[in-house]
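The block underneath contains the structure these notes are about, expressed in structure tokens.
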């Protein structure tokens, strides 16, 4: 996979804090190699206060062909871009950004599309479903938008940051009136249950909600990629639920991210 790297290799830093859980450095680099593209993804651990300085430095290095972002830098990535897609503009959040031939940065947010693909691949039905989602951050905003666009009847959003929760609900209801509501801490009676937070990334983390409220009829999704069997995923599988993990979301997003960079470099 690495024998073809050269002085022409495009470098794509993956900006996050922490980054040990990320799958993109290996998965994306392998994907580029399989498509015959000379590019490599490298994780960089940058604390929240350092994101703007890091991105300013990237501007000065011409063989940085793009940047990727995970928690907590998706908002910083979108802010840094010269132009963004409509879905990135929706919540001011992006997870991929590429440099075009003129040196301008163009960003997109693909978390939601990847998550919808992961649900569908795992046998979940989005059309007409009532969804409960924990987390109104960058990933949560993207996922909620794509779930509603895919035909979900409603999305109940729960977040301890009530201002962020209310902002997401208001934005969703501008585009899809009446489809987003305030969620309680209890996901019971919802067809699709989503953890769109980093809760579960570390083994000792508290679960995103009371796992005793999981019902067999639910489809349960988790964005955490640090380990495939988070406490949430283990409980969902034990209950007999259909489910998709953060690994499944990443695998479903991989081609979307590769296409974003390769198509833009042509």
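In the working numbering, the protein residues as written are 1017 to 1282. From the three backbone atoms N, C-alpha and C, an ideal C-beta is built for every residue, glycine too. Here the structure is a predicted model, which means the values were calculated and not measured.
Kindly give me the distance between the Cβ atoms of residue 1174 and residue 1141, rounded to whole angstroms, as I take these residues to be in contact under 8 Å. At roughly 22 Å, the Cβ-Cβ gap does not stay under 8 Å, so residue 1174 and residue 1141 are not in contact.
Could you spell out where the beta strand (DSSP E) holding residue 1078 opens and where it closes? Taken as a continuous stretch (DSSP letters only), residue 1078 belongs to no beta strand (DSSP E), as it is neither H nor E.
Within 8 Å, do at least three Cβ pairs link the segment 1200-1211 to the segment 1131-1149? yes
Spatial neighbours of residue 1248 within its chain, please: CB distance less than 6 Å, with the 5 preceding and 5 following residues excluded, ordered by chain position. 1211, 1216, 1223, 1238
Check the Cβ-Cβ distances between residue 1093 and every residue of chain C, and say whether any is below 8 Å. No chain C appears in the structure shown, which is made up of a single protein chain.
CA-CA distance, residue 1083 and residue 1157? 20 Å
Residue environment, residue 1042, which counts as buried when at least 16 other CB atoms sit within 10 Å: exposed
Looking at the unbroken beta strand (DSSP E) that takes in residue 1055, where does it start and where does it end? 1055-1061
Where residue 1273 and residue 1044 are concerned, what is the direct C-alpha to C-alpha distance, given to the nearest angstrom? 8 Å
Spatial neighbours of residue 1187 in its chain, beta-carbon cut-off 7 Å, leaving aside the 5 residues before and after: 1106, 1107
Just verifying my parser: in three-state terms, what is the DSSP assignment at residue 1269? helix
Proximity winner among 1135, 1155, 1280, relative to residue 1110 (alpha-carbon distances): 1155
Between 1136, 1101, 1053, 1231, which lies nearest to residue 1123 when the distance is taken from Cα to Cα? 1101
What number of angstroms, rounded off, separates the C-alpha of residue 1232 from the C-alpha of residue 1163? 21 Å
Please determine, among 1257, 1214, 1092, 1240, the residue with the shortest C-alpha to C-alpha distance to residue 1230. 1257
What span of residues does the beta strand (DSSP E) with residue 1170 cover, start to end? 1170-1174
Please state the DSSP three-state secondary structure of residue 1085. strand
Report all residues from its chain with a CB closer than 7 Å to the CB of residue 1167; omit the five preceding and five following residues, and keep chain order. 1142, 1143, 1144
Buried or exposed for residue 1198, going by 16 or more other Cβ atoms inside 10 Å? exposed
Cutting at 8 Å between CB atoms, please list the residues of its own chain near residue 1062, excluding the five before and the five after it. 1031, 1032, 1033, 1070, 1089
In chain order, what residues of the same chain lie with their CB nearer than 8 Å to the CB of residue 1242, ignoring the 5 residues before and after it? 1036, 1037, 1216, 1217, 1218, 1262
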